[in-house]
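J.: Provided herewith is a single structure, encoded as structure tokens, for subsequent inquiry.
Residue numbers (our numbering): 354 to 418.
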């Protein structure tokens with residue numbers, strides 16, 4: 354349960370990334386948010402119900418070399 358005031362958005366909310374970081378591991382490229390979401394440095398996520406949200410980082414494949 355979130356103890357922040359105001360409370361953090363839950364994992365199903367579109368703004369779930371606004372939840373506070375409770376454990377940060379930049380050397381491994383991920384953080385655990387207060388709402389149970391694991392957020393990766395490429396903006397991909399694993400939700401508490403084990404659903405995977407693909408990376409939202411723009412692909413460089415579409416850019417000309």
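Even glycine gets a Cβ: it sits at the ideal position worked out from N, Cα and C.
Taking residue 384 as part of the beta strand (DSSP E), name the residues at either end of that continuous run.
T.: 383 to 386
J.: Do you know offhand how far residue 408's Cα is from residue 360's?
T.: 26 Å
J.: Just to confirm my understanding: we take residue 384, look at its own chain, exclude 5 residues before and 5 after, and list those with CB closer than 7 Å. What are they?
T.: 374, 376, 377, 378, 392
J.: Going by the DSSP bridge assignment, what does residue 376 pair with across the sheet?
T.: 385
J.: Give the DSSP bridge partners of residue 392, in chain order.
T.: 384, 398
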